[in-house]
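Listed in order, the protein sequences are those of chains V and Z. The numbers in our numbering rise by one with no breaks, and the one at position 51 of the first sequence is 51. Position in the second sequence counted from 1, then plus 1000, gives you our numbering. Built from N, CA and C at the ideal position, the CB exists for glycine as well. Fair warning: this is a prediction, and the values are worked out from it, not measured in the lab. What follows is one structure encoded as structure tokens, with my remarks underneath.
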Amino acid sequence: NAGVTQTPKFQVLKTGQSMTLQCAQDMNHEYMSWYRQDPGMGLRLIHYSVGAGITDQGEVPNGYNVSRSTTEDFPLRLLSAAPSQTSVYFCASSQGGDLAKNIQYFGAGTRLSVL
Amino acid sequence: AQRVTQPEKLLSVFKGAPVELKCNYSYSGSPELFWYVQYSRQRLQLLLRHISRESIKGFTADLNKGETSFHLKKPFAQEEDSAMYYCALIAGNTNAGKSTFGDGTTLTVKP
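Dropping the structure here:
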């Protein structure tokens, strides 16, 4: 059981480049989320989705796009990378539906550097 | 908006000593609170949650609505407890998938 899979694990970009961080889950979870973690700080929500075809912004959405065409996949797109987007990115999923199912399961993270 | 505060970035204790990791929150409704842990070279994972009211790996956490706190406690720390600990809040069941995290506490248990 793979759980939540993120690719790539590491990435270096130049300012202005675009890229997509991949996230896939095999638990049939309805809820998926993207967080970023900067040094010395907690995780901050970028975008989230409550099901296929439904996405919404989190706390720090600027410079990022998401889509959810299937239950399994939730890619995060950096439109024009900036040094301020250097961070570790985590994808998470949860079943949702009631209080007992709100545990989030996390991917291993993608470490992104923008030069 | 809700907020989670973990006042200690670093906490160091000796093996066998009690440990308490503090978590305070601000939210006007009924929160759902979690402690997540990240061991070295592992992914972030759930340690425990307030609705379960259970002890995991010897850790317990009690929700104190009067003090808006959800401190994590263990009476006798072990070296394998060394990790990064995050307190997290979900603002009601309609906000599943939207966790608010504290900045985390790095716990080091010395031999």
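Residue burial is scored here from C-beta neighbours: Q25(V) has at least 16 other C-beta atoms within 10 angstroms and is therefore classed as buried.
Per DSSP, the unbroken beta strand (DSSP E) holding R111(V) starts and ends at T110 to V114.
The beta carbon of D38(V) is closer than 6 Å to those of S87 in its chain, skipping five residues each way along the sequence. Within the segment 1029-1057 of chain Z, contact with chain V at the beta-carbon level (separation under 9 Å) is assigned to E1032, F1034, Y1036, Q1038, Q1042, R1043, L1044, Q1045, L1046, R1049, I1051 and S1052. Linking S84(V) to G1016(Z) through their CA atoms gives a straight-line distance of about 42 Å. Contact of A92(V) with chain Z is assigned, a C-beta pair being separated by under 9 Å. At the C-beta level, L1063(Z) and L1033(Z) come within 9 Å of one another.
With a contact defined as Cβ atoms closer than 8 Å, L78(V) and G58(V) miss out at about 15 Å. Residues are counted here when their Cβ sits less than 7 Å from a Cβ of chain V; for the segment 1072-1101 of chain Z these are Y1086, I1090, N1093, A1096, G1097, K1098, S1099 and F1101, given in chain order. Residues of the segment 40-60 of chain V whose Cβ lies closer than 9 Å to any Cβ of chain Z, in chain order: G40, M41, G42, L43, R44, L45, Y48, S49, V50, D56, G58 and E59. Counting only Cβ-Cβ distances below 7 Å, D1062(Z) has no contacts in chain V at all, with the closest Cβ about 17 Å away. It is roughly 7 Å from the alpha-carbon of T55(V) to the alpha-carbon of H47(V). DSSP places T20(V) in the uninterrupted beta strand (DSSP E) bounded by M19 to Q25. In this model, G1058(Z) and D1081(Z) are separated by some 10 Å (Cα to Cα). Counting the other Cβ atoms within 10 Å of the Cβ of K9(V) gives fewer than 16, which makes it exposed. Sequence-distant partners of A1096(Z) (beyond 5 residues in either direction) whose C-beta falls short of 7 Å from its own C-beta, in its chain, are I1090.
Taking 9 Å as the cut-off, the beta carbon of V12(V) is found no closer than this to the beta carbon of C91(V).
The Cβ of S87(V) sits no closer than 9 Å to any Cβ of chain Z. Distance check between T20(V) and each of W34(V), N28(V), A52(V) and H29(V) places W34(V) closest, using alpha-carbon atoms only.
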